[in-house]
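Quick note: the sequence shown uses full-length UniProt numbering, first residue 1, plus one each step.
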Amino acid sequence: MTERSAPTSNEAAPDAQGSPGLENLLTEDRRFPPSAEFAAQANATADAYAWANADRPGYWADQARELISWSTPFTQTLDWSDAPFARWFADGRLNAAYNAVDRHVEEGRGDRVALHFEGEGGDTRTLTYADLLREVSKAANAFAALGVGTGDRVAIYLPLIPEAVITMLACARIGAPHSVVFGGFSAEALSSRILDAEAKLVVTADGGFRRGKPSALKPAVDEALEKGAPSVSHVVVVRRTGQPVEWTAGRDVWWHEAVDAASSQHTPVDVDAEHPLFILYTSGTTGKPKGIFHTTGGYLTQAAYTHLNVFDLKPETDVYWCTADVGWITGHTYVVYGPLINGATQVIYEGTPDTPHRGRWWEIVQKYGVTILYTAPTAIRTCMKWGEEIPSNFDLSSLRVLGSVGEPINPEAWMWYRRVIGADRTPIVDTWWQTETGAIMISPLPGVTETKPGSAQVPLPGIAADVVDDDAQPVPNGGGGYLVLTEPWPAMLRGIWGDPERYKDTYWSRFKDIYFAGDGAKKDDDGDIWLLGRVDDVMNVSGHRLSTTEIESALVSHPWVAEAAVVGATDETTGQAVVAFVILRSDVAEGNAADAATVQETLRTHVAKEIGPIAKPRQILVVAELPKTRSGKIMRRLLRDVAEHRQVGDSTTLADSSVMDLIAQGLAKPA
Ligand code: WT7
Numbered sequence: 001m002t003e004r005s006a007p008t009s010n011e012a013a014p015d016a017q018g019s020p021g022l023e024n025l026l027t028e029d030r031r032f033p034p035s036a037e038f039a040a041q042a043n044a045t046a047d048a049y050a051w052a053n054a055d056r057p058g059y060w061a062d063q064a065r066e067l068i069s070w071s072t073p074f075t076q077t078l079d080w081s082d083a084p085f086a087r088w089f090a091d092g093r094l095n096a097a098y099n100a101v102d103r104h105v106e107e108g109r110g111d112r113v114a115l116h117f118e119g120e121g122g123d124t125r126t127l128t129y130a131d132l133l134r135e136v137s138k139a140a141n142a143f144a145a146l147g148v149g150t151g152d153r154v155a156i157y158l159p160l161i162p163e164a165v166i167t168m169l170a171c172a173r174i175g176a177p178h179s180v181v182f183g184g185f186s187a188e189a190l191s192s193r194i195l196d197a198e199a200k201l202v203v204t205a206d207g208g209f210r211r212g213k214p215s216a217l218k219p220a221v222d223e224a225l226e227k228g229a230p231s232v233s234h235v236v237v238v239r240r241t242g243q244p245v246e247w248t249a250g251r252d253v254w255w256h257e258a259v260d261a262a263s264s265q266h267t268p269v270d271v272d273a274e275h276p277l278f279i280l281y282t283s284g285t286t287g288k289p290k291g292i293f294h295t296t297g298g299y300l301t302q303a304a305y306t307h308l309n310v311f312d313l314k315p316e317t318d319v320y321w322c323t324a325d326v327g328w329i330t331g332h333t334y335v336v337y338g339p340l341i342n343g344a345t346q347v348i349y350e351g352t353p354d355t356p357h358r359g360r361w362w363e364i365v366q367k368y369g370v371t372i373l374y375t376a377p378t379a380i381r382t383c384m385k386w387g388e389e390i391p392s393n394f395d396l397s398s399l400r401v402l403g404s405v406g407e408p409i410n411p412e413a414w415m416w417y418r419r420v421i422g423a424d425r426t427p428i429v430d431t432w433w434q435t436e437t438g439a440i441m442i443s444p445l446p447g448v449t450e451t452k453p454g455s456a457q458v459p460l461p462g463i464a465a466d467v468v469d470d471d472a473q474p475v476p477n478g479g480g481g482y483l484v485l486t487e488p489w490p491a492m493l494r495g496i497w498g499d500p501e502r503y504k505d506t507y508w509s510r511f512k513d514i515y516f517a518g519d520g521a522k523k524d525d526d527g528d529i530w531l532l533g534r535v536d537d538v539m540n541v542s543g544h545r546l547s548t549t550e551i552e553s554a555l556v557s558h559p560w561v562a563e564a565a566v567v568g569a570t571d572e573t574t575g576q577a578v579v580a581f582v583i584l585r586s587d588v589a590e591g592n593a594a595d596a597a598t599v600q601e602t603l604r605t606h607v608a609k610e611i612g613p614i615a616k617p618r619q620i621l622v623v624a625e626l627p628k629t630r631s632g633k634i635m636r637r638l639l640r641d642v643a644e645h646r647q648v649g650d651s652t653t654l655a656d657s658s659v660m661d662l663i664a665q666g667l668a669k670p671a
C-alpha cells in the first residue's frame with residue numbers, strides 16, 4: 001500500500017466524533033472495481049451523473065414521471081422561491097398507498113410476494129401484493145370509521161409485524177400523516193410525540209417478541225395517555241403476544257374486531273404532492289426531539305429512485321431485506337415506501353439477531369434466498385465479534401448486493417462484510433443520509449463506482465453535496481470540514497412540525513443558503529467523501545441518533561442529580577456509547593444515600609424510563625465538578641478524552657483549569 005499524506009491538524013474536521021478505526025481513513029487505498037458481469041446488468045449507469053448535472057430538477061422530474069403514478073400529472077418541478085421551504089411537483093396529485101400497492105395488483109402483479117414476515121419465535125406470514133391491498137383497504141376503512149380523516153395524525157407504536165406496514169399504508173391511503181414511534185421508546189417519549197403531533201388515533205399492540213420473551217407495549221400507551229392527550233379519541237390494539245392488557249372502554253378497540261370486520265374496498269384519497277405523508281421525531285442538539293416531516297411526491301420519487309439504483313433492485317427476481325425497524329427513517333424509506341413502490345419482494349423480521357441463536361440472520365438469508373441485504377455497521381461489528389464460523393454455517397450465495405447505513409463504517413468492518421458475508425464478490429454500498437434527507441444522498445452505485453472500504457464516496461446523480469470550511473468555502477481534495485448539501489432535493493424535509501423557525505435555525509443558519517447536515521467529513525485525493533461523525537451535540541449509538549442534551553435533561557430530572565454532562569465515547573461495537581458525568585446533590589453526595597453501584601443502576605434505569613432503553617448510559621461517573629468555559633459551556637471534548645482514556649487535550653479555555661485534575665483524581669479513587 002502506498003502511504004497517503006496524513007491530514008494536518010488544521011485540515012481535520014472540527015471536533016468530529018467518529019466511529020472506531022476512522023483515524024487512518026486517508027491511508028486506506030484498497031479499491032474494488034465493479035465486475036464486468038455486474039456492470040453489464042446494473043440498473044445504474046455512469047452517464048446519469050452528467051444528465052443530472054445538466055438539469056438537476058429536470059432529471060428528478062423524469063424520475064418522478066417514470067417511477068410514480070400520478071392521478072393528476074404535475075407541470076411544475078421545483079419551487080424554491082420560498083427557500084428553505086421547498087415545493088416539488090406541487091401541482092401534481094397522487095396517493096402513496098396506491099403507488100405502493102394498488103397499481104401492482106392492477107398491473108397483474110397481485111400474486112407477487114410483498115412481505116415474507118418472520119416472527120422472532122419462528123412464526124411466519126406471507127403477504128402478496130393482493131393480500132396487502134385487501135389488508136390496507138380494511139385498515140383504512142376501520143380507521144376512517146374511528147373518525148380519522150385526511151390531514152389527521154396517527155401515532156403508531158408497534159413491533160415489526162405486518163400490521164406496522166399495513167397501518168402506515170392505511171394512513172397514507174386516507175392522507176392521514178403517520179408518526180411512528182419506535183417501540184423501544186418510553187411512555188414519556190411516546191407521550192411527548194403524541195402531544196406534539198396532536199394525534200387523533202394511536203395504533204399499538206399488546207406487545208412484541210424480544211429476546212425470546214413477550215415485551216409489552218400497551219402499558220406504555222396507557223401511561224402516555226394518562227398524562228393527558230386530549231387529541232386522542234381511540235387506541236387500536238393488535239393482539240400479538242396474547243399478554244393481558246388493561247382496557248379503556250370506549251377508547252380501546254381490538255384490531256381483529258375493527259379491521260377484520262371492515263370492507264376490503266377502499267378508494268385511496270388523492271392528495272397534493274406537498275401533502276404531509278409522515279412525521280418522524282429525531283434527536284437534535286436541544287432536549288426536545290424534532291418532528292421532521294416529509295411530504296408525498298418528492299419523497300416517494302427519491303425513495304423509489306434510490307431503492308432501485310443504489311440496490312440494483314430487480315423486482316421480479318430479488319429478495320430484499322433491510323434489517324431496520326419501521327420506527328426509524330430507514331424503515332420508512334427502505335422497508336415501506338421504496339421497496340413497495342418498486343414492487344419488490346422483501347423479508348421483515350421481528351426479533352433480535354441472536355434469538356434463539358447467533359446465526360439467526362444468516363439462517364433467514366438462506367431460508368428466503370435473500371439477494372440484497374441492507375444493515376448497519378454496528379450489526380456487522382457484532383457479527384465480527386461472534387466470529388465468522390457462524391455465518392459460514394449457512395448458504396449465503398444468493399446475496400448479490402450489500403448495503404450499510406447509520407454511521408461511518410470502519411474499513412475493517414467493511415472488508416469483513418464483503419469477505420465473509422459477500423464471499424469477496426458482492427458490491428457494498430455505504431449509504432449516507434439522514435431522517436431529514438428522507439432518502440439516500442451519498443453512496444457508490446453498484447456496477448458503476450469503484451468502491452473504497454469506509455467511504456460513502458459520491459453524491460448520487462441529482463444530489464449536490466460538498467465539504468466546506470468555517471467560511472462555507474469548499475475544502476480542497478485532502479481537506480476536511482463540514483458536510484453540506486448545496487441544492488434542494490426531492491425527499492428533503494419540508495420542515496419541523498409546528499416550528500418553522502427551528503427548521504431555519506437548525507439547518508440553514510450555519511451557512512448562507514446551504515443545508516448544514518451536522519456531520520464532519522473529508523475529501524480524499526479523488527474528491528470522494530469520507531464521513532467522520534457528528535460535529536454537534538448528537539451521538540450515534542448503534543446507528544441511532546441520541547441527543548446529549550436530552551439525556552442530560554433526563555439525568556437532572558432525577559432528585560439525586562444536580563448537574564450532568566453526557567458524551568459519546570468511541571465503542572468498538574456500537575460506534576459510540578453514552579457516558580455520563582454527574583454531580584450529585586450534596587445530601588446524596590454526603591453519603592446518606594447510595595454507593596456508586598446503586599447510583600449507576602438507579603440513574604441508568606431512570607434514563608430508560610424517561611427516554612427508552614437505547615439511551616441508557618454505558619457508564620455513569622460521579623464527579624465533583626464539570627469542565628466549563630468562562631461562558632459556562634461544558635467542554636464535552638475534554639470529557640470525551642476522559643471517557644476514551646486519552647490524554648486530556650487543550651484545556652486552556654476552562655474557567656477553572658484544576659477541574660480536569662479533580663475529575664482525574666476522583667476517577668482514580670476506588671468507588
Ligand atoms: C446521521 C443521521 C440514515 C438512516 C439512519 C440514521 C449518520 C448515517 C451514515 C453513513 C456515516 C452516517 C450521520 C447522519 N450516518 N449514515 N453511511 N456514514 N454516517 O438516520 O438517525 O437521521 O441519523 O447518521 O451522522 O447525520 P438518523
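Backbone N, C-alpha and C define an ideal beta-carbon position, used for all residues, glycine too.
Problem set entry | Selected residue, minimal CA-CA separation from Leu396, among Glu363, Glu389 and Thr375 | Glu363
Problem set entry | Under 8 Å between C-beta atoms of Ala476 and Asp466 | Reading off the sequence shown, one finds Pro at residue 476, where the question assumed Ala. Between Pro476 and Asp466, the CB-CB gap reaches or exceeds 8 Å.
Problem set entry | Glu501 classed as buried or exposed, judged by whether at least 16 other C-beta atoms fall within 10 angstroms | exposed
For this session: Please report how far the alpha carbon of Leu662 lies from the alpha carbon of His116, in whole angstroms.
Result: 57 Å
For this session: Go to Leu516, then tell me how far its alpha helix (DSSP H) extends in each direction, as first and last residue.
Result: Here residue 516 turns out to be Phe, not Leu, going by the sequence shown. Per DSSP, Phe516 belongs to no alpha helix (DSSP H); it is in the beta strand (DSSP E), Tyr515 to Lys523.
Exercise. Hey, would you say the C-beta of Glu407 is under 7 Å away from at least one heavy atom of ligand 1?
Worked result: yes
For this session: Work out the CA separation of Glu436 and Val245 for me, nearest whole Å.
Result: 36 Å
Problem set entry | Own chain residues within Cβ distance below 7 Å of Pro162, not counting five before or after | Leu115, Phe117, Arg125 and Leu127
Exercise. CA-CA distance, Pro177 and Gly327?
Worked result: 15 Å
Exercise. Would you call the region 571-580 and the region 525-532 touching, i.e. three or more CB-CB distances under 8 Å?
Worked result: no
Exercise. Can you find at least 3 beta carbon pairs, one from the region 410-419 and one from the region 292-299, that sit closer than 8 Å?
Worked result: no
Exercise. Between the Cα of Leu308 and the Cα atoms of Arg636, Gly250, Tyr157 and Gly403, which residue gives the shortest distance?
Worked result: Nearest option by C-alpha distance: Gly403.
Problem set entry | Runs of alpha helix (DSSP H) lying entirely within the region 116-146, each at least 4 residues, in chain order | With a minimum length of 4 residues, the continuous alpha helix (DSSP H) runs that stay inside the region 116-146 are 129-145.
Exercise. When every heavy atom of ligand 1 is checked, does at least one fall within less than 7 Å of the C-beta of Asp430?
Worked result: yes
Problem set entry | C-alpha distance - Leu654 paired with Lys628, whole-angstrom precision | Each residue's Cα considered, the two are about 6 Å apart.
Exercise. Is Arg494 near Phe89, with beta carbons less than 8 Å apart?
Worked result: no
Problem set entry | DSSP state of His234 mapped onto helix, strand, coil | strand
For this session: Would you grab the beta carbon distance between Thr431 and Val310 for me? Rounded to a whole angstrom, and I think it's under 8 Å.
Result: 6 Å
Exercise. Who pairs with Pro276 in a beta bridge, going by DSSP?
Worked result: DSSP output for Pro276 lists Thr295 as bridge partner(s).
For this session: Give the single residue among Asp641, Thr570, Ala643 and Leu555 whose Cα lies nearest to the Cα of Glu601.
Result: Leu555
For this session: Run through the region 294-349 for me and flag every whole alpha helix (DSSP H) of 4 or more residues, listed as ranges in chain order.
Result: 297-310 and 338-341
Problem set entry | Residues that Phe32 bridges to, as DSSP identifies them | Note: Phe32 sits in a beta bridge opposite Thr451.
Problem set entry | the region 481-496 contacting the region 538-549, beta-carbon criterion three pairs below 8 Å | A contact between stretches requires three or more CB pairs, one per stretch, nearer than 8 Å, and the region 481-496 fails this requirement with the region 538-549.
Exercise. Is the Cβ-Cβ distance between Leu158 and Gly183 less than 8 Å?
Worked result: yes
For this session: Check whether the region 343-355 touches the region 439-453, taking contact to mean three or more Cβ pairs, one atom from each stretch, closer than 8 Å.
Result: Contact between the region 343-355 and the region 439-453 is absent: fewer than 3 CB-CB pairs across the two stretches fall below 8 Å.
For this session: Pull up the DSSP beta-bridge partners for Thr375, would you.
Result: Ser404
Exercise. Which first and last residues belong to the alpha helix (DSSP H) in which Lys628 is found?
Worked result: Looking at the DSSP string, Lys628 is not in any alpha helix (DSSP H), and its letter there is neither H nor E.
Exercise. Secondary structure at Asp661, three-state DSSP: helix, strand or coil?
Worked result: Of the three classes helix, strand and coil, the one that applies to Asp661 here is helix, per DSSP.
For this session: For Asn393, count neighbouring Cβ atoms within 10 angstroms of its own Cβ and tell me buried if that reaches 16, exposed if not.
Result: exposed
Problem set entry | Ordered list of alpha helix (DSSP H) runs contained in the region 380-431, each at least 4 residues | 389-392 and 411-416
Problem set entry | Neighbourhood of Arg31 by C-beta distance below 8 Å, restricted to the same chain and skipping five residues each side | Glu450, Thr451 and Lys452
Exercise. For the region 174-251, which segments carrying the alpha helix (DSSP H) assignment without a break, of at least 4 residues, lie completely within its bounds, in sequence order?
Worked result: 187-197 and 218-226
Exercise. Is it the case that the Cβ atoms of Gly498 and Gly291 are separated by a distance below 8 Å?
Worked result: yes
Problem set entry | Contact check, Val405 vs Thr426, beta carbons under 8 Å | no
Problem set entry | Burial state of Lys227 (16 or more Cβ within 10 Å) | So Lys227 ends up on the exposed side.
Problem set entry | Exposure label - Arg211; buried when at least 16 CB within 10 Å | exposed
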